[in-house]
Structures are given as C-alpha cells and as structure tokens.
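Order-wise, the sequence lines are chains A and B.
Sequential numbering from 1 applies to the first sequence in the UniProt record's numbering.
Sequential numbering from 1 applies to the second sequence in the UniProt record's numbering.
There are 2 protein chains.
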Amino acid sequence: MATTTHFSTKDRILGAAEELFAQFGFAGTSLRQVTSRADVNIAAVNYHFGSKENLVNEVFRRRMDDMSRQRIDALKAATTQHPGELEPILAAFVEPALALAQDRHGGGAFVRVVARAYAEKNDTLRKFLSDHYGHVLREFAKAIAGCVPGLSKEELYWRLDFLAGALTYAMADFGLIKRPAGVGEKAHRERCARELIRFAAAGFKS
Amino acid sequence: MATTTHFSTKDRILGAAEELFAQFGFAGTSLRQVTSRADVNIAAVNYHFGSKENLVNEVFRRRMDDMSRQRIDALKAATTQHPGELEPILAAFVEPALALAQDRHGGGAFVRVVARAYAEKNDTLRKFLSDHYGHVLREFAKAIAGCVPGLSKEELYWRLDFLAGALTYAMADFGLIKRPAGVGEKAHRERCARELIRFAAAGFKS
DNA sequence: GTCTATACTTTGATAGAC
DNA sequence: GTCTATCAAAGTATAGAC
Chain A
1 MATTTHFSTK
11 DRILGAAEEL
21 FAQFGFAGTS
31 LRQVTSRADV
41 NIAAVNYHFG
51 SKENLVNEVF
61 RRRMDDMSRQ
71 RIDALKAATT
81 QHPGELEPIL
91 AAFVEPALAL
101 AQDRHGGGAF
111 VRVVARAYAE
121 KNDTLRKFLS
131 DHYGHVLREF
141 AKAIAGCVPG
151 LSKEELYWRL
161 DFLAGALTYA
171 MADFGLIKRP
181 AGVGEKAHRE
191 RCARELIRFA
201 AAGFKS
Chain B
1 MATTTHFSTK
11 DRILGAAEEL
21 FAQFGFAGTS
31 LRQVTSRADV
41 NIAAVNYHFG
51 SKENLVNEVF
61 RRRMDDMSRQ
71 RIDALKAATT
81 QHPGELEPIL
91 AAFVEPALAL
101 AQDRHGGGAF
111 VRVVARAYAE
121 KNDTLRKFLS
131 DHYGHVLREF
141 AKAIAGCVPG
151 LSKEELYWRL
161 DFLAGALTYA
171 MADFGLIKRP
181 AGVGEKAHRE
191 RCARELIRFA
201 AAGFKS
C-alpha cells in the first residue's frame, strides 16, 4: 500500500499462515507459529482477522478468486476457439484447479479448506463457497448445455457435481493412483487432466 | 463383555463420540462433552484410546468395516447374478456408501473422517484408509476389468479414483444439487445412485 | 485391568496501555 | 495499529484407589 516493497503486517500473516497451513494443516498450526514466522505479535491476528477461522478463509479466498478468474478466462477461450466442443470446456474447468493444487505455496492450504468445508458443519464457509463456486459453475453449466443439448438441467447439474467431486479428490491426491517415481509432477498432472476430461466427457454425453 | 446388557465404558465413549462428532464436527466437539454425555471420567478417553485423534479413527472404523463388508457381499451377488454387466458392479460400490452417508447416527461422523483425511496431513490415517479401502477397491477393479476388457490397468485405476471422488462428494452432499423439499431422503439417494452409476458406466466404457 | 481426581501445558481470544 | 498481560477452555498426562 505504498511506493516501497514493504509488506504489511496483514500480508506477512497471510503468507506465513498459507505456508504453515499447507504443511501442517489447520489443527496442526497454532497462531503462535504463524505470528512467530511472520514476526508479528500474537494479538495482531485477532486484530486484523478477528479469529483463526477467518484467517483460514482469507488465505483461501486469495487463491480461490485467482482460480475462478483463470477458469472463466479459459472457458471464454474454449467456447470461441472450439465452439460446440465439450472437451475444451472440461479442460477449462479442470486444468486451473489441478495447477493450483500442485502449487507448492498455496495448493495444500487450498485443498484443505475445501476439505474442511466438507468436514465441519460450517454453513458460513459453505455458503461462501457456493456463492463463488456457484457463479463459475453456472457459467460452465451453460456452456456444457450448449454441447450436449439433450440433457435436462437436473441431469446436467448432477453430472457437474460428479465432475467437481472427482476433481477435488484428484486435487487432494487421495486415490489409488500414485505418481510414479519416473514421472514429473507436471506430466502427472497433465495425465490426470487428460484422463478426467475423457472420463467426464463420456459421462456427460451418455 | 458379559451376559448382561451393560455397555462398557469404551462402548459408551464410542457411542457418545459418534453422535457428537456427527452433529458438531471434530473441532466442535470437546472430549469433556464426550465424557460428560457418556458419563465417564475425562481421563477414560486417554486410557482407552490414547488420544482424541485415535478416538476419531475408532469411531470411523466401526462404520467403515461394516460398509466394506456390504460392498463385498453386494459385489459377489452382482457378479453371480449379472455376469459381465458393469452397472450392477458399480451399484454394489455406490449404494452401501450412500446408505451409510445418510444414516442419522453414523453418517455424519463417517463422512467427516474421510474429509479430514483429505484435509490433514495425517499419514497414519491415510495409510489406514488405503489398507482397507485398497483391498475393497482392488476387488472391484478386478470385477470391472472383466466387463471392460480393453482397459489398461492404469486407466482402470484412474477411473476408479474418479468414481470414488464423485461418490465421496455426493456423500458429503456438497454440490449444487440439493434435495428438493418434496422428495424424501431415500428417493433422493436412489436418484443420486442411478445418476452416478450411469455417469461412471459411460466413463468406464469410453 | 479399570477408572477417577487432579494437575500440567498449550491454545485462541481479549482488555487496556501506549 | 501494536504491544503486554491475562484469561478461559482445551487436550493431555500422572498418581493412586479399587
């Protein structure tokens, strides 16, 4: 917020929190660890963010906003460059998410916030997610509907949920599939995207 | 552990914990709440379970073991009664999970443990899950491979992961789709199963 | 082996001086 | 906007009764 390269207390807290959350999870990270790494006083967290929970949400929001923007941009490019084709739309949905999940700095924290929204009865966070995710998802729903005309709106939404679920699972690296030692992270991610797009495309067209 | 209907301290803790975890989540439930509801001393938790984390895992394991058994039984029935058909196999995988997720007593807690395994860097829990889930998944992989002969083992495992992800998401009731007011829980669950089976079947066959 | 009373340690949060 | 001091509540650990 100035002409210098100085990072504000708030920004330093966000940065430190993101790294620690990604590495140790939320429960495993204390605010004292965060403030110690950010080199600020323990009380600064509550002053700037109100609570630990709200700090978590803010860490998440930075990445989420960025990913949503990438998705929307990619969607526009897909529908203009490949009109009527389903796979490029699915790629626009899948690829930014997998790229983020793999980001060393924010990916772990991001995936964890999503999972936490599953796990904890947290209607505030759920509503927040549905407000943001909802908007993006509806854009994709419209675009997909244009490629698969026979689909009812209900069926379309069910299938979008299935895609989102499979993608979230893949982002968390949770399944049977493990990256083989000889394959780089980028290649593994691209393989995942390719497989998921093919799987989902067949599902949407069925 | 007797001829009476007496519940041991351990069982009372497990029962109270399951209900509270399902209702308030893990972070939202203190051990003092648990021991108060179970009418046992606070120290009994650490005596019987070692830690809160381990209590969570034990609550989960009871349901998990039960669900895995149901899945395996349903798989056997499917392959003998409908040999060579893919959809009954997928149903054997999907339906026990959705039924459990909807169970008022244990469903909430169950889904939350799975989500927590996503969210927290907990290799113990992840390994435990992969040990149990892994065994069941491999049975299903074999059965599916019999129905879709052209599929490589790698592709098969990718797609199983996608199915598991979509199913987990659906179990958590996390997506856009909400149960309409006029539809019962059972009907909604059956609709979900039907849609997911169709979606995944097309994906596996692609 | 089982359970209880009790104390220890760390956590997130707050109040008030500066 | 930031700090020190302090708080209540949480998970955990231990000693000893039965």
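From the three backbone atoms N, C-alpha and C, an ideal C-beta is built for every residue, glycine too.
Item to check | Where residue 210 of chain B falls, given that 16 or more other Cβ within 10 Å makes a residue buried | outcome: Residue 210 of chain B is absent from the structure shown; chain B starts at 1 and stops at 206.
Checklist entry - Nearest CA to the CA of B/Q23: which residue from B/A109, B/Q70 and B/M171? => result Of the listed residues, the one whose Cα sits closest to B/Q23 is B/A109.
Checklist entry - Around the C-beta of A/D65, are 16 or more other C-beta atoms found within 10 angstroms, so that it is buried, or is it exposed? => result The residue is exposed, with fewer than 16 neighbouring Cβ atoms inside 10 Å.
Checklist entry - Mind pulling the chain B residues with CB within less than 8 Å of A/I72? => result Residues of chain B passing the Cβ test: none, with the nearest at roughly 17 Å.
Checklist entry - Under 8 Å between the Cβ atoms of B/A27 and A/A27? => result Yes, these two residues count as a Cβ contact at 8 Å.
Item to check | Amino acids of chain B, ordered along the chain, whose beta-carbon sits closer than 8 Å to that of residue 279 of chain A | outcome: The structure shown does not extend to residue 279 of chain A, since chain A is modelled only from 1 to 206, so the question has no answer here.
Item to check | Exposure label - B/G106; buried when at least 16 CB within 10 Å | outcome: Buried, by the Cβ-count rule.
Checklist entry - What is the DSSP secondary structure of A/D73, counted as helix, strand or coil? => result If DSSP states are grouped into helix, strand and coil, A/D73 belongs with the helices.
Next on the checklist: To be precise: take each residue of the stretch 80-100 of chain B, compare its Cβ to all Cβ atoms of chain A, and keep it if any distance is under 8 Å. Which residues remain?
Outcome noted: When C-beta distances to chain A are compared with 8 Å, every residue of the stretch 80-100 of chain B stays at or above that value.
Checklist entry - What is the DSSP secondary structure of A/H105, counted as helix, strand or coil? => result It is coil, neither helix nor strand.
Checklist entry - Of all the residues that make up the stretch 168-189 of chain B, which are near chain A by a beta-carbon distance shorter than 8 Å? => result Here the close residues are T168, Y169, A170, A172, F174, G175, L176 and I177.
Next on the checklist: Using beta carbons (cut-off 8 Å, strictly below), is A/E139 in contact with chain B?
Outcome noted: Not an interface residue.
Checklist entry - When the cut-off is 8 Å and only beta carbons count, does A/D161 lie next to chain B? => result Put simply, the CB of A/D161 is near chain B, with a gap under 8 Å to one of its CB atoms.
Checklist entry - Between B/Q81, B/A43, B/V113 and B/A91, which lies nearest to B/R62 when the distance is taken from Cα to Cα? => result Comparing Cα positions, the closest option is B/V113.
Next on the checklist: Please report the distance separating the alpha-carbon of A/L167 from that of A/F140.
Outcome noted: Going by the C-alpha atoms only, they are around 15 Å apart.
Item to check | Residue interval of the alpha helix (DSSP H) (run including A/T29) | outcome: Element bounds for A/T29: n/a, residue is neither H nor E.
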